[in-house]
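See below for the structure under consideration.
Numbering (my numbering), first residue to last: 1 to 259.
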């Protein structure tokens, strides 16, 4: 009897592990396919990513490679990270396909828009960093170099710096998703967040100060979008909260009828 029960519980576990393995393999294959397609253009991709700094550097200066393998490793690393960046929709789809069978219908209805929105917002944050923040930031950094100091940035150091900023801005733009999830989980309410708006605005400017050069323009360019994203998250959070209340009322009415 115990052996039969053990076999019944072990089989679903093995099946879930096999499915998880298959989903992970598909995600890895997607990244690998994108990487193979982009690797031939790795040098051009690095030139494109380095363009904001190159345009801000003084005339006659250039970037340098201090490591022996840096001219190869820096574009290789960029291409690998970019492949993951491009393959994010496939990776999230595989994750969604794995967890979806265990979700309720209303959870599925909420999860799909959140997954799509999170991808778009992350891309928007990275694009905002590249097209708006980087030109201002590097123009400031190169303009404050002491007299007699030649600005010659190492390509590996630059890549690590911009990758960290891409990640920071991408995560910062996920603010509406975080607000919706907090409200949907019951951790807070739209009314409480709305009453804390003044603190949120201050936090946005503090974050802008930490992530950008110490000038009011750059700080404002990050703080204002984050504040707007907070308001957007609050709007959608109210819809989620309203739907949650309606669902709870319907469940209570159904329970009352059953009794």
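No residue lacks a Cβ here, since even glycine has one placed at the ideal position from N, Cα and C.
Q. Roughly how many angstroms lie between the CA atoms of residue 210 and residue 204, to the nearest whole one?
A. Position 210 of the chain shown, counted from the first residue, corresponds to residue 210. Position 204 of the chain shown, counted from the first residue, corresponds to residue 204. C-alpha separation (whole angstroms): 10 angstroms.
Q. Tell me which same chain residues have a C-beta within less than 7 angstroms of the C-beta of residue 217, skipping the five on either side of it?
A. Numbered from its first residue, the chain shown carries residue 217 at position 217. For residue 217, where only same-chain residues beyond five positions count, the Cβ hits under 7 angstroms are 136.
Q: Answer yes if the segment 113-130 comes into contact with the segment 150-170, meaning at least three C-beta pairs across the two stretches below 8 angstroms, and no otherwise.
A: Result yes; three or more Cβ-Cβ pairs closer than 8 angstroms.
Q: Output yes or no for whether 9 angstroms exceeds the beta carbon distance between residue 134 and residue 162.
A: For the purposes of this step, residue 134 is taken as the residue at position 134 of the chain shown. For the purposes of this step, residue 162 is taken as the residue at position 162 of the chain shown. Result yes, Cβ atoms of residue 134 and residue 162 sit closer than 9 angstroms.
Q. Among 149, 47, 101 and 71, which has the Cα closest to the Cα of residue 260?
A. Here the chain comprises residues numbered 1 to 259, so residue 260 is not present and cannot be evaluated.
Q) Can you tell which of 189, 88 and 70 has the C-alpha that lies nearest to the C-alpha of residue 239? A) For the purposes of this step, residue 239 is taken as residue 239 along the chain shown, with counting starting at 1. Nearest of 189, 88 and 70 to residue 239, Cα basis: 189.
(Q) So the candidates are 175, 51 and 58; which of them puts its Cα closest to the Cα of residue 118? (A) Your numbering for residue 118 matches position 118 in the chain shown. Of the listed residues, the one whose Cα sits closest to residue 118 is 175.
Q) Going by other Cβ atoms of all chains shown within 10 Å of its Cβ, with 16 needed for buried, is residue 145 buried or exposed? A) One-based indexing of the chain shown puts residue 145 at position 145. Under this definition residue 145 is an exposed residue.
Q: Quick one: give me the first and last residue of the alpha helix (DSSP H) that residue 91 is part of.
A: As a position in the chain shown, residue 91 is number 91, starting the count at 1. The continuous alpha helix (DSSP H) containing residue 91 extends over residues 88-99.
Q. Does the pairing of the segment 66-76 with the segment 15-34 give three or more beta-carbon distances under 8 angstroms?
A. No: the two stretches stay apart, fewer than three of their Cβ pairs being nearer than 8 angstroms.
Q. Is it right to say residue 13 is buried, meaning 16 or more other beta carbons lie within 10 angstroms of its own, or is it exposed?
A. Here the question's residue 13 lines up with position 13 in the chain shown. Counting every other CB atom within 10 Å of its CB across the protein chains shown gives residue 13 a total below 16, marking it as exposed.
Q. Are the beta-carbon atoms belonging to residue 110 and residue 173 less than 9 angstroms from one another?
A. The residue labelled residue 110 in the question sits at position 110 within the chain shown. The residue labelled residue 173 in the question sits at position 173 within the chain shown. Note that the C-beta distance between residue 110 and residue 173 is not below 9 angstroms.
Q. For residue 57, which option in 244, 140 and 191 has the closest C-alpha, if you only look at C-alpha atoms?
A. For the purposes of this step, residue 57 is taken as the residue at position 57 of the chain shown. Nearest of 244, 140 and 191 to residue 57, Cα basis: 140.
Q.
Among 24, 193 and 33, whose alpha-carbon lies nearest the alpha-carbon of residue 83?
A. Mapped onto the chain shown, residue 83 falls at position 83. Residue 83 has its Cα closest to that of 33, out of 24, 193 and 33.
Q | Counted within 10 angstroms of its Cβ, other Cβ atoms place residue 42 as buried (16 or more) or exposed | A | Residue mapping note: residue 42 aligns to position 42 of the chain shown, counting from 1. That one is buried.
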